[in-house]
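Counting from 911, one number per residue, gives the positions in the sequence shown under the working numbering.
Reviewing the structure listed below.
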Amino acid sequence: MTMTRVLHVAAFVALAGAPRVAAGQSESASVQSAALAEEVRLLIEARLTSFAKGDSAAFHRMIVPGFVHVYDSGWPGSGPKLLQYVARQRSDSANAKVAPVYTVTEVQARREGQVLLAHALVTQQFHVGTRTLASQWRETNALIRSRDHWLFVQHSETPIVALGGYPVAAPVPDSASLAAFVGDYEWWPG
């Protein structure tokens, strides 16, 4: 059997077994999706808040054993080392003069059996005097249902890096304009 024929047979089998949506189901499905998206938004906010406050006990209650957190740098964290890292945030947040404020928007959630796939836009803000320092990332999460609640199985984040909102130094870049931007910059307050 040729590869093309195998792909056609596989596509036919997949389509034949695919669930059909009845005419009246689309409206109730969108209501369920909105409720599910709101539930996920609250879960993400709770996870972020427990992480920022260093509440490793609360963080631990929201994850499965073997949970993997892939940081925006691409490095994964898991197990006891991750929980120790979360706990260290407690001393960092106690010493910090400014606590982060998180806003979770653009949540999309899709349930596939016992697995919930979700992604969202997260905005983190630090209010320092009259200034607001903000960063954003998109995060993707996989959760599973355990009894009556969802638990995080895996999380990854992708930073949104942009220079939006900063004035252009000069219409034509020159060495003096470039020199105004050269230096050490703080990625994370503190």
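No residue lacks a Cβ here, since even glycine has one placed at the ideal position from N, Cα and C.
On a predicted model such as this, the values are computed, not experimentally measured, just so you know.
Check: Nearest candidate by alpha-carbon position, reference serine 983, set Ala997, Glu1049, Leu1043, Phe1091; Outcome: Glu1049
Check: One or two residues paired with glutamine 999 in a DSSP bridge; Outcome: Per DSSP, none; premise fails for glutamine 999.
Check: Straight-line gap, glutamine 994 to alanine 1086 (C-alpha atoms, nearest Å); Outcome: 46 Å
Check: For glutamate 1016, the nearest candidate out of Ala1089, Leu946, Val1092, Leu1088 (CA to CA); Outcome: Leu946
Check: Among Pro1069, Trp1060, Arg1000, the one whose alpha carbon lies nearest that of valine 950; Outcome: Trp1060
Check: Any non-hydrogen atom of the ligand ZN closer than 7 Å to phenylalanine 969 Cβ; Outcome: With respect to the ligand ZN, the structure shown offers nothing to examine, as it has no ligands at all.
Check: Assigned secondary structure, serine 966 (DSSP; H/G/I helix, E/B strand, else coil); Outcome: helix
Check: Sub-8 Å separation of serine 1066 and valine 980 beta-carbons; Outcome: yes
Check: Environment of proline 893 [buried if 16+ CB atoms lie within 10 Å]; Outcome: The structure shown does not extend to residue 893, since the chain spans only 911 to 1100, so no value can be given for it.
Check: Beta carbon of serine 943 nearer than 8 Å to that of alanine 1019; Outcome: yes
Check: Coarse secondary structure for glutamine 994, derived from DSSP in three states; Outcome: helix
Check: 6 Å CB neighbourhood of serine 960 in its chain, flanking five on each side removed; Outcome: Ala968, Phe969
Check: Simplified DSSP state of alanine 1052, which is helix, strand or coil; Outcome: strand
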